[in-house]
Each structure stands twice: as C-alpha cells, then as structure tokens.
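*Asks:*
Number of protein chains: 2
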Amino acid sequence: MREFEYIKRYLKPLDNSIGDDAATLANSSYLVTKDILIEGVHFFSNYLPYNLAKKSLRTNFSDIAAVGGTPYGYMLGLVLPNNVDDLWWESFVAGLKEDNKYFQVKLLGGDTTAHNGKVIISVTAFGIKGDRFIYRSGAGLGDLVCVSGTIGDAALGLLAYQGIIRDSTGRLKGRYDIPEPRVTLGQAISDFASSCIDISDGLIQDAQHICELSNVGMELHSDKIPLSFAAREIVEKKPDYIDLVLTGGDDYELLFTASSEHSNKIEEISQKCRVNITKIGHVTDGKEVIVRDKDNLPITLKNKGFVHFI
Amino acid sequence: MREFEYIKRYLKPLDNSIGDDAATLANSSYLVTKDILIEGVHFFSNYLPYNLAKKSLRTNFSDIAAVGGTPYGYMLGLVLPNNVDDLWWESFVAGLKEDNKYFQVKLLGGDTTAHNGKVIISVTAFGIKGDRFIYRSGAGLGDLVCVSGTIGDAALGLLAYQGIIRDSTGRLKGRYDIPEPRVTLGQAISDFASSCIDISDGLIQDAQHICELSNVGMELHSDKIPLSFAAREIVEKKPDYIDLVLTGGDDYELLFTASSEHSNKIEEISQKCRVNITKIGHVTDGKEVIVRDKDNLPITLKNKGFVHFI
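Heads up: the sequence lines are chains S and Z, in that order. Residues in the first sequence are numbered consecutively from 1, following the numbering used here. Residues in the second sequence are numbered consecutively from 1001, following the numbering used here.
(1) Identify each residue in the stretch 1050-1069 of chain Z for which the Cβ-Cβ distance to at least one residue of chain S is less than 7 Å, and report them in chain order.
(2) Under a three-way DSSP split, which group does glutamate 1090 of chain Z fall into?
(3) Kindly say whether alanine 22 of chain S, judged by its beta-carbon, lies nearer than 9 Å to any beta-carbon of chain Z.
(4) Check whether the Cβ atoms of alanine 258 of chain S and aspartate 86 of chain S sit closer than 9 Å, and answer yes or no.
(5) Is the beta carbon of glycine 1149 of chain Z less than 9 Å from the beta carbon of methionine 1218 of chain Z?
(6) Measure the beta-carbon distance from valine 275 of chain S to leucine 220 of chain S and round it to whole angstroms, keeping in mind my assumption that it falls under 8 Å.
(7) Glycine 149 of chain S versus chain Z: which residues are under 7 Å apart at the beta carbon?
(8) Around the C-beta of alanine 1026 of chain Z, are 16 or more other C-beta atoms found within 10 angstroms, so that it is buried, or is it exposed?
(9) Residues of chain S with a CB under 9 Å from the CB of asparagine 1083 of chain Z: which are they?
(10) Closer than 8 Å, Cβ to any Cβ of chain Z: which residues of the stretch 97-117 of chain S, in chain order?
(11) Would glutamine 205 of chain S be called buried (16 or more neighbouring beta carbons within 10 Å of its own) or exposed?
(12) Using 8 Å as the threshold, is the stretch 248-265 of chain S in touch with the stretch 182-189 of chain S, meaning 3 or more CB pairs across them?
(13) Straight-line CA distance for lysine 294 of chain S to glutamate 236 of chain S?
(14) Which residues in chain Z sit within 8 Å of glycine 77 of chain S, going by Cβ to Cβ distance?
(15) Compile a chain-ordered list of the residues in the stretch 1003-1015 of chain Z whose CB is closer than 9 Å to at least one CB of chain S.
(16) Would you call proline 1049 of chain Z buried or exposed, if buried means 16 or more other Cβ atoms sit within 10 Å of its Cβ?
(17) Please check the pair isoleucine 210 of chain S and serine 195 of chain S, which I expect to be a contact at CB under 8 Å, by giving their CB distance rounded to whole angstroms.
(18) Please tell me whether tyrosine 30 of chain S has its Cβ less than 9 Å away from any Cβ of chain Z.
(19) Restricting to Cα atoms, I'd like to know which of Z:Thr1169, Z:Ile1242 and Z:Arg1132 is closest to alanine 1193 of chain Z.
(20) Quick check on this structure: which residue in S:Tyr135, S:Ile266, S:Ile280 and S:Arg58 has the alpha carbon closest to the alpha carbon of phenylalanine 103 of chain S?
(21) Just the Cα atoms here: how many angstroms apart are leucine 159 of chain S and glutamate 268 of chain S?
(22) Are the stretch 1122-1136 of chain Z and the stretch 1039-1046 of chain Z touching, with three or more C-beta to C-beta distances below 8 Å?
(23) Taking a Cβ distance cut-off of 7 Å, strictly less, list which residues of the stretch 1249-1271 of chain Z are near chain S, in chain order.
(24) At 9 Å on the CB atoms, spell out the chain S contacts of glycine 1186 of chain Z, in chain order.
(25) List the whole-angstrom C-beta distance separating isoleucine 64 of chain S from leucine 37 of chain S, where the pair is believed to meet the contact cut-off of C-beta under 8 Å.
(26) Closer than 6 Å by C-beta to histidine 262 of chain S: which residues in its own chain qualify, once you throw out the five before and the five after it? Chain order, please.
(27) Considering only their Cβ atoms, is the gap separating aspartate 1015 of chain Z from aspartate 111 of chain S smaller than 9 Å?
(28) Can you name, in chain order, every residue of its own chain whose Cβ lies under 6 Å from the Cβ of aspartate 1153 of chain Z, other than the five neighbours on each side?
(29) Here's the rule I'm using: 16 or more other beta-carbon atoms within 10 Å means buried, otherwise exposed. How should glutamine 271 of chain S be labelled?
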C-alpha cells in the first residue's frame, strides 16, 4: 500500500483537491475521475473482456456517484497485449455498448496501444454535477454512518473465483464481476450528506479515508453490517470471514455520513431509490475507525491493510 | 500497427468524433485528449523520470495545440513497478512541477497503482478551446501543406540514444526527450487552417491521417522538408536517413493545411510566434501522400509503416 504514501507525499502538494472521488472542472458542470484496472492486480488473466469493459466503466461511475453526480461520458485508455484478437475486441465492445446504453453515456475519445505485457484499462470518466458536491471531508461529530446495499459480496465472490468457497447461486461472483454504481442514491443524498465515499478499497479502509479528511473517528457495529443472504450463509458457517467482509474491496456501495436529523429522510430515499440503506455506526471525536462486535467489544482484524487499528 | 484497424473497426462506431487530436466537452469551453506512454514502447527502461513527466504532459498538450486550444490541466494515471523509489518520485515530480508552471496548468486528480510490470503513464489532458476547433477533416483541394519547426530530429535523437549515430551537440536527443508543443502557433492558425495534426507517428503517416479524414491526397517535396542543422549534417553524410526523417515520430510539430490566400498571414504568424513555418507541398485530389524528390520523382520509402505508398 505504499502508493498511498507516495501520492500523499509527492502528488498531493501539486493538487489540493486530491482525496475526493472526483474533481470538478472549473466554470463548467463537469466532474472528472480516473480509475485504472490492471490484469493481475484488479482482475484475473482469463477474465471476460465483456465484464472488464463494464467494470472499468462502473468503477469510475461509482466515483461520480460518490460525489453526487451523474455519469456523462468517458475517455478510454487501452494498453493491450500484442496477441489480443477479434474475439477479445468483440466481447469488450459488447460490454461497452451495453453500458453506454444503460448509463446513457458516450465514448469521447482515447488512446489504444499494443505492448508486450498485460491488459491495462485506464478510464477517465466525466459526470455532471449534482445539487451539491459531496466531499469526503465533511463528516461531523455524532453524524450517522450509513452504507447502501450489502457489504462483502464482491470479496467473497473473488474467493469463489479462486475456488476457496462455493457460490452456489453465482450471486457473489456476479457482484464481483459487475458492480452497480449507486448513481440515483448519490444524487438523492447530495443535498444533505456530510461526506461520502464509494467502497472500493474495503469498508474499513474507505471509512478511514473519510476520517482522515474529516479529522474524525468512527465507531461501527459489526452486527449491523448489511450482508446478503449468500454472504450471511458463508459467514455463519465460518465467522472468520467477517474480517474479509470488513476489509475486502470491490463492493462499490456508498458509505456516507449525515446528521441524525435526516434519519427519516434517509428511510424515504432508501424506498424511493429501491436501495437498502443501513445505519452501521456514528462519527466520533477519535481519529480511527473502531469496529465493535455484538458484545460491544472492539474487534482486532487480522488483515488491517494500511489502517491503524485498536 | 493493428491497433489502428481495431480502433477503426470496434471503437469508431461508438464515437464518431474519434479521429481528431482532442475532443470537445459539450456545453463547456473544454477540450479533452488522452495519450499513454509505455516503457519499452514509447521510452527506454532507464529513461529519466524527469523527462518522462514532461514528455507525458507535452505529448498531450501537443494534441490540444493541434486543435487550436490552450492547455488547462490534467488527470494523471500512473501504473508503476513495485520497486519504484523516492528517487524516481522526486525526479518525476520535479518534471511535473516545472511543466505545471511553464504551461500554467494544474494536476486535477488521478489514479496510481503499483504492479509487477513496467512504467505506464496515462495522462488525460484538458484544454480551453481556441477561436475555432481545427478538425483533421477540412483539408481542401489545392491547399498549402505546412509544417512548423524542423522534422526528424526526435527520430534521429532516438538513434543517437541507441548509439547508432552521434549527436555531438545533444540537440537531437533533447528534441526526443522534451518536445515543445506548438500551443501559440495552434491558437494563431485556428481561425483559418483547414486541417491540422501534430506529428507524433511520423510526417507521412500523420499527413495520411489528414488525407483519410479529408478524402484528399497530398504531394510533398522532400527537399522542402525543414531540417535542423544537426539533422542536415547527418542526412548529407548518409542520404538514406531521409526515410527516417519522413516516417520517424515524436517531433510534435504541427502539420496543417490552409488555402493559399492565407500565404502572407502564415509568414506573419511565423514571425509573431517565433516558429519557422515551411510550405512543403499541397493538397491533391488523390487519396495518398506522395513524396517527390528534387527531380520531382516519387520516392518509395523502405519503411512505410501502415501507409500505402506509390
């Protein structure tokens, strides 16, 4: 995880806005964000180009959702092995086409280069600003901490792909393959959420990103973390997997904070947007994310990533 | 060169605007472009990170210059080997900082990922539109074909790096290392140039790009191609290198067409922008770029790239 340190040390001084999921383009209604997917780091070598196309767009659109915006279009950077063939392109372009229609976005340009190496997809996506830009830095003492959908499915889906667990319905793999950016939800909360981030690095790590930029801590309750039926079944059989649920990435749900006075509004939005929203904790005056179990005892995670833990 | 075919076949149907050096963002004054640099394809493994930073920005700013715009800022995508260290970052960021100041641009955000592989820099650059967007598709029968600066230096610089030729003054290497995007010139010609492209793939190949999109041909004269003192010295010793001058890439000069009625204006602009502009030929009703030698005989080049030649 040294890249976080390098970015903070070398690139942040050049760009004060680094830290949010997307940036604004001055004197326009545009948002812009960039996410790179690399073979062997973010996806397997035999990964379907169709899924890859969708994933590379959706991870970016999730960043746009996290600041309250609507996807508009994208620039596509492709670095491809020399032996990529028609079949690869047909599958990849089928994925692009479907998502262009689904999100009503368009390809604006790009660069494609062949090399003697792996597949790398570098998408720069554009969005249109929502009512209000949601920063990561606005979480306030006592705010509710909420998440959309269910957490941990994508990380378990990856385990299923690795043959470590069984995914009888295929839903966990499906969540890993094709995330659903919470665009409608991001727009709906944009006028009152105090902070927001999309969960790409893992629940705890992304919660920690908000804490750092907002100068706060968070107390979360592991028994409140929303699990899908498939995930619950697995965690009940092997409780250790709760670690993975808390720290695994790729869910692309929204983690946001809001003053408790908006509690009813959050329920309404949940119904209107047809997305479950779960209150999983609150903002504290600490500096860290603390997760407590059902007996209110702090959980020490084995896989901490770069996050400092109690 | 199969990527050109793939782009044409699979990506162009998704984006009619593909073909120009930069795209416009609707309802804004922004231009956007994307250029990826890959270790082993676009630069050597021991290449100075300082040069790399500048080159990755300048190749993009050259695209913005080619449509008549002014650089505004950029998103930085970095894919870096796991062993990149502080020295690498310090050199790279020094290059970024200098060019942020030189071009008055800012870093707007990005994504940095470590992997077990090569250095890949994926920049998406933004510009502000000039008076008029210069398309590649506007070249008209009888128009003058002009180039800025001198041609072939970067390709010869690369040969010098490879130890194949001597570059006693270091100027050829310097041109390969740090191109000078013709921003002021691009702006100055934007209200009358009928087409423009920046020479990144090579003079002939880029001329051919204009021909394809404008449905025209070009007749160029090899003895009119402007050479630097250093390049002329080398070509005089070994005339075969004229092939390289005509087809080598990385010069990032502007190749543009304009009606001959603007001939005097072009001279004025050359003086005002302090950039040599040379008329090297004219637009024909053919489909190909034909280069004629001083005896007016068509030259057959050994290294044609993907360009079809007489």
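Just so it is clear, CB atoms sit at the ideal spot from N, CA and C, and this is done for glycine as well. This structure is a prediction, so every number in the text was calculated from the model and none was measured.
*Replies:* On the basis of the supplied data:
(1) none
(2) Position 90 of the second sequence holds residue 1090 of chain Z. The answer is helix: DSSP assigns glutamate 1090 of chain Z an H, G or I state.
(3) By 1-based counting over the first sequence, the position of residue 22 of chain S is 22. Taking Cβ atoms only, chain Z reaches closer than 9 Å to alanine 22 of chain S, which makes this a yes.
(4) Counting from 1 along the first sequence, the entry for residue 258 of chain S is found at position 258. Counting from 1 along the first sequence, the entry for residue 86 of chain S is found at position 86. Not closer than 9 Å, so no.
(5) Taking the second sequence and counting its residues from 1, the one referred to as residue 1149 of chain Z is at position 149. Taking the second sequence and counting its residues from 1, the one referred to as residue 1218 of chain Z is at position 218. For glycine 1149 of chain Z and methionine 1218 of chain Z, no; Cβs fall outside 9 Å.
(6) For the purposes of this step, residue 275 of chain S is identified with residue 275 of the first sequence, where counting begins at 1. For the purposes of this step, residue 220 of chain S is identified with residue 220 of the first sequence, where counting begins at 1. Actually they are not in contact, since the Cβ atoms of valine 275 of chain S and leucine 220 of chain S sit about 19 Å apart, beyond 8 Å.
(7) Translated into positions along the first sequence, residue 149 of chain S becomes position 149. What glycine 149 of chain S touches in chain Z: nothing, since even the nearest Cβ is about 24 Å away.
(8) Your numbering for residue 1026 of chain Z matches position 26 in the second sequence. Classification for alanine 1026 of chain Z: exposed.
(9) To locate residue 1083 of chain Z, count along the second sequence from 1; it is residue 83. What asparagine 1083 of chain Z touches in chain S: nothing, since even the nearest Cβ is about 10 Å away.
(10) Lys97, Asn100, Lys106, Leu107, Leu108, Gly109, Gly110, Asp111, Thr112, Thr113, Ala114, His115, Asn116 and Gly117
(11) In the first sequence, counting from the first residue as 1, residue 205 of chain S sits at position 205. Glutamine 205 of chain S is buried by the Cβ-count criterion.
(12) yes
(13) By 1-based counting over the first sequence, the position of residue 294 of chain S is 294. By 1-based counting over the first sequence, the position of residue 236 of chain S is 236. Computed Cα separation, rounded: 14 Å.
(14) For the purposes of this step, residue 77 of chain S is taken as residue 77 along the first sequence, with counting starting at 1. Those within 8 Å of glycine 77 of chain S in chain Z are Lys1034, Ile1036, Gly1077, Ser1122 and Thr1124.
(15) Near chain S, meaning a CB-to-CB distance below 9 Å, the residues of the stretch 1003-1015 of chain Z are Glu1003, Phe1004, Tyr1006, Ile1007, Arg1009, Tyr1010, Leu1011, Pro1013, Leu1014 and Asp1015.
(16) Counting from one through the second sequence, the residue named residue 1049 of chain Z turns up at place 49. Classification for proline 1049 of chain Z: buried.
(17) Residue numbering aside, residue 210 of chain S sits at position 210 when the first sequence is read from its first letter. Residue numbering aside, residue 195 of chain S sits at position 195 when the first sequence is read from its first letter. Confirmed, Cβ separation roughly 5 Å.
(18) Here the question's residue 30 of chain S lines up with position 30 in the first sequence. Under the 9 Å criterion on CB atoms, tyrosine 30 of chain S is classed as interfacial with respect to chain Z.
(19) Along the second sequence, one-based indexing puts residue 1193 of chain Z at 193. Taking only the C-alpha atoms, the option nearest alanine 1193 of chain Z is Z:Arg1132.
(20) For this step, residue 103 of chain S is matched to residue 103 along the first sequence. Nearest neighbour of phenylalanine 103 of chain S by Cα position, chosen from S:Tyr135, S:Ile266, S:Ile280 and S:Arg58, turns out to be S:Arg58.
(21) Numbered from its first residue, the first sequence carries residue 159 of chain S at position 159. Numbered from its first residue, the first sequence carries residue 268 of chain S at position 268. Each residue's alpha carbon lies about 35 Å from the other.
(22) no
(23) Listed by position along the chain: nothing, the set is empty.
(24) Locating residue 1186 of chain Z in the second sequence gives position 186, counting from the first residue. Result: empty, since nearest Cβ-Cβ is about 18 Å, beyond 9 Å.
(25) Position 64 of the first sequence holds residue 64 of chain S. Position 37 of the first sequence holds residue 37 of chain S. The Cβ separation is near 16 Å, so there is no contact.
(26) Stepping through the first sequence from its first residue, residue 262 of chain S is reached at position 262. So the list reads Phe192, once near-sequence residues are dropped.
(27) Start at 1 with the first residue of the first sequence, and residue 111 of chain S comes out as number 111. Start at 1 with the first residue of the second sequence, and residue 1015 of chain Z comes out as number 15. In this structure, aspartate 1015 of chain Z does not lie closer than 9 Å to aspartate 111 of chain S by Cβ.
(28) As a first step, residue 1153 of chain Z is located in the second sequence; it is residue number 153 there, counting from the start. Close CB contacts of aspartate 1153 of chain Z within its chain, under the 6 Å cut and outside five residues either way in sequence, are with Leu1172, Arg1175, Ser1228 and Ala1231 (chain order).
(29) Here the question's residue 271 of chain S lines up with position 271 in the first sequence. That one is exposed.
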